[in-house]
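Contents: one structure, followed by commentary.
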Amino acid sequence: MTVDLTLVWAGLLAFAVFAYIVMDGFDLGVGILFPTLSPGDQRDKAMNSIAPVWDGNETWLILGGGGLFAAFPLAYAIIMPAIYTPIIAMLLGLVFRGVAFEYRWRTVRAKPLWDVAFFSGSLVAAFFQGVALGAILQGIEVSGRGYGGGWWDWLSPFSLLTGAAVVIGYALLGATWLNLKTEHDLQAHARRMAWILGPATLVMIGAVSVATPFLDAEYARRWFDFPGVILTAQVPILVAVVAGAFFWAMKKGKEVWPFVLSLALFGLTFAGLGVSVFPYAVPDEITLWQAAAPHSSQLFMLVGAMILIPIILAYTGYAYWVFRGKVGSEGYH
Numbered sequence: 236m237t238v239d240l241t242l243v244w245a246g247l248l249a250f251a252v253f254a255y256i257v258m259d260g261f262d263l264g265v266g267i268l269f270p271t272l273s274p275g276d277q278r279d280k281a282m283n284s285i286a287p288v289w290d291g292n293e294t295w296l297i298l299g300g301g302g303l304f305a306a307f308p309l310a311y312a313i314i315m316p317a318i319y320t321p322i323i324a325m326l327l328g329l330v331f332r333g334v335a336f337e338y339r340w341r342t343v344r345a346k347p348l349w350d351v352a353f354f355s356g357s358l359v360a361a362f363f364q365g366v367a368l369g370a371i372l373q374g375i376e377v378s379g380r381g382y383g384g385g386w387w388d389w390l391s392p393f394s395l396l397t398g399a400a401v402v403i404g405y406a407l408l409g410a411t412w413l414n415l416k417t418e419h420d421l422q423a424h425a426r427r428m429a430w431i432l433g434p435a436t437l438v439m440i441g442a443v444s445v446a447t448p449f450l451d452a453e454y455a456r457r458w459f460d461f462p463g464v465i466l467t468a469q470v471p472i473l474v475a476v477v478a479g480a481f482f483w484a485m486k487k488g489k490e491v492w493p494f495v496l497s498l499a500l501f502g503l504t505f506a507g508l509g510v511s512v513f514p515y516a517v518p519d520e521i522t523l524w525q526a527a528a529p530h531s532s533q534l535f536m537l538v539g540a541m542i543l544i545p546i547i548l549a550y551t552g553y554a555y556w557v558f559r560g561k562v563g564s565e566g567y568h
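If you count the sequence shown from 1, you need to add 235 to reach the numbering used here.
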């Protein structure tokens, strides 16, 4: 049986992007929640909760971007010029956030300034990740084998909506993470924020879901045409089920399940994104197979990926296992 390496690489990149959303989403969410935390002990505990893992989480972002360039070079050549501005803004936000993360521990007088920088970098990075997603989903103008649109085509009401949705969703992940990893007053505050952000996230999921079919008739066809609708209808049904389970877990005072169920909501929205765009690398313009690198190149890179990805998963899992307890002002205990 012949293996379609293009689909294998599409699956690997989808996995890398989702792994980034899962792992970096909650630590960006902690930064987004920073202004709601009390200066001093609460903010120190929140930062300590992500200190062992935040930098390694961004490995998946590098893998996703590098993998897109290597496995689907035509898609990379078209998509990147279309979203240069939000991608540069996102990277600057991540850099600024990383600098703030390190420097706030080395000063007392300027600590409030670095707290603002940490929040601002987290907010900018999360928002422009959502904007880039919206810009791709709303469609990219293609001319020949290159980008044919303008400098500001990425900016639209829909891309701003997706940017806001990602910010709120990441904030929910941050709140449920703090509920899992902290105790006492900080945990109580995180739970209060999760009760607010849970419904807000569902509203944003609904708003983006309603707006998406109006972007392109093909999106509407993939979601609503029979018999495909029998399968696609499972996505909103599962969102409702997971949302109900989330609120039940919150009401029962659970710690692990609200975080897991928040990640499940992201997983379902990611599946919905796949329904909308598959089998295109550039929505409704360039298919995965048209954008793919030669078979020999895909095979060569796959050998490396099959070695590196298990190593990344192993050390990531080990880090989370070592730092699996609750966090205090001085670190994990």
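The beta carbon of each residue, even a glycine, is placed where N, CA and C say it ideally should be.
Endpoints, the alpha helix (DSSP H) within which A478 is located: For the purposes of this step, residue 478 is taken as the residue at position 243 of the sequence shown. A478 -> alpha helix (DSSP H) spans 469-486.
Length of the line joining the Cα atoms of G379 and I318: As a first step, residue 379 is located in the sequence shown; it is residue number 144 there, counting from the start. As a first step, residue 318 is located in the sequence shown; it is residue number 83 there, counting from the start. Cα to Cα, the separation comes out at about 18 Å.
CA-to-CA distance, T436 to G404, given in whole angstroms: In the sequence shown, the residue the question calls residue 404 occupies position 169. In the sequence shown, the residue the question calls residue 436 occupies position 201. Straight-line Cα distance between these residues: approximately 5 Å.
Enclosing alpha helix (DSSP H) for V366 [first to last residue]: Position 131 of the sequence shown holds residue 366. Here the alpha helix (DSSP H) through V366 covers 346-372.
Residue nearest to Y515 in terms of C-alpha spacing, selected from I314, I267, D420, Q277: For the purposes of this step, residue 515 is taken as the residue at position 280 of the sequence shown. Answer by Cα proximity: I314.
Delimiting residues of the alpha helix (DSSP H) encompassing A400: Translated into positions along the sequence shown, residue 400 becomes position 165. Its alpha helix (DSSP H) spans residues 392-416.
Extent of the continuous alpha helix (DSSP H) run through V265: The sequence position of residue 265 within the sequence shown is 30, counting from 1. Segment 240-267, the alpha helix (DSSP H) holding V265.
Environment of G441 [buried if 16+ CB atoms lie within 10 Å]: The sequence position of residue 441 within the sequence shown is 206, counting from 1. Exposed is the call here.
Whole-angstrom distance between M439 and A399, CA atom to CA atom: Against the sequence shown, residue 399 aligns to sequence position 164. Against the sequence shown, residue 439 aligns to sequence position 204. Distance between the alpha carbons of A399 and M439 is about 8 Å.
DSSP beta-bridge partners of S378: One-based indexing of the sequence shown puts residue 378 at position 143. S378 is bridged to G381.
Identity of the residues DSSP links to T237 by a beta bridge: Taking the first residue of the sequence shown as position 1, residue 237 is located at position 2. The partner list for T237 (beta bridge, DSSP) is empty, contrary to what the question assumes.
Residues near A305 by beta carbon distance below 6 Å, same chain, minus five either side: Within the sequence shown, residue 305 is the residue found at index 70, counting from 1. Cβ within range, chain order: M536.
Identity of the residues DSSP links to V517 by a beta bridge: As a position in the sequence shown, residue 517 is number 282, starting the count at 1. In DSSP, V517 forms a bridge with I521.
P316 in three-state terms, based on DSSP: Counted from its first residue, the sequence shown places residue 316 at position 81. DSSP places P316 in helix when its eight states are reduced to three.
Short Cβ contact (8 Å threshold) for A226 with M325: Outside the modelled stretch of the chain, which goes from 236 to 568, sits residue 226, for which no answer is possible.
Residue environment, F279, which counts as buried when at least 16 other CB atoms sit within 10 Å: For the purposes of this step, residue 279 is identified with residue 44 of the sequence shown, where counting begins at 1. For the sequence presented, residue 279 should be read as Asp rather than Phe. The residue in question, D279, is buried, as its Cβ has 16 or more Cβ neighbours within 10 Å.
Nearest-angstrom beta carbon gap, I465 and A361 [assumed within contact, 8 Å]: By 1-based counting over the sequence shown, the position of residue 361 is 126. By 1-based counting over the sequence shown, the position of residue 465 is 230. About 34 Å; that fails the 8 Å criterion.
Whole-angstrom distance between I256 and N292, CA atom to CA atom: Here the question's residue 292 lines up with position 57 in the sequence shown. Here the question's residue 256 lines up with position 21 in the sequence shown. N292 and I256: Cα-Cα distance of roughly 9 Å.
Alpha-carbon spacing of P570 relative to L421, whole angstroms: Absent from the structure is residue 570, since the part of the chain shown begins at 236 and ends at 568.
N-terminal and C-terminal residue of the alpha helix (DSSP H) that K280 is part of: Against the sequence shown, residue 280 aligns to sequence position 45. 276-285 is the span of the alpha helix (DSSP H), which, as asked, contains K280.
Test item: CB-CB of N414 and A425 under 8 Å: Here the question's residue 414 lines up with position 179 in the sequence shown. Here the question's residue 425 lines up with position 190 in the sequence shown. For N414 and A425, yes; Cβs fall inside 8 Å.
Nearest neighbour of V476, chosen from L248, S497, F363, T237 [CA to CA]: Stepping through the sequence shown from its first residue, residue 476 is reached at position 241. Of the listed residues, the one whose Cα sits closest to V476 is S497.
Contacts around T271, its chain only, beta-carbon distance under 8 Å, and the 5 residues preceding and following it disregarded: Locating residue 271 in the sequence shown gives position 36, where the first residue counts as 1. Closer than 8 Å at Cβ, skipping near neighbours: H424, M428.
For F501, the nearest candidate out of V557, T237, L248, F253 (CA to CA): To locate residue 501, count along the sequence shown from 1; it is residue 266. Of the candidates V557, T237, L248, F253, the one whose C-alpha sits nearest the C-alpha of F501 is F253.
Proximity of K489 and S284 at Cβ, strictly below 8 Å: The count along the sequence shown starts at 1 and reaches residue 489 at position 254. The count along the sequence shown starts at 1 and reaches residue 284 at position 49. Not in contact: K489 and S284 (Cβ atoms no closer than 8 Å).
Other residues of its chain near G384: CB distance less than 8 Å, five sequence neighbours each side excluded: Position 149 of the sequence shown, counted from the first residue, corresponds to residue 384. A317, I375, E376.
Reference A310, options A480, Y553, I371, closest by Cα: To locate residue 310, count along the sequence shown from 1; it is residue 75. Checking every option, the nearest Cα to that of A310 belongs to I371.
First and last residue of the uninterrupted alpha helix (DSSP H) at R339: Here residue 339 is taken as the residue at index 104 of the sequence shown, counted from 1. Where R339 is concerned, there is no enclosing alpha helix (DSSP H), given that its DSSP letter is neither H nor E.
Check whether G509 and A249 have beta carbons under 8 Å apart: Taking the first residue of the sequence shown as 1, we reach residue 509 at position 274. Taking the first residue of the sequence shown as 1, we reach residue 249 at position 14. Cβ atoms of G509 and A249: closer than 8 Å.
Nearest residue (CA-CA) to L548, options A506, W295, W289: Walking along the sequence shown from the start, residue 548 turns up at place 313. Out of A506, W295, W289, W295 has the C-alpha closest to the C-alpha of L548.
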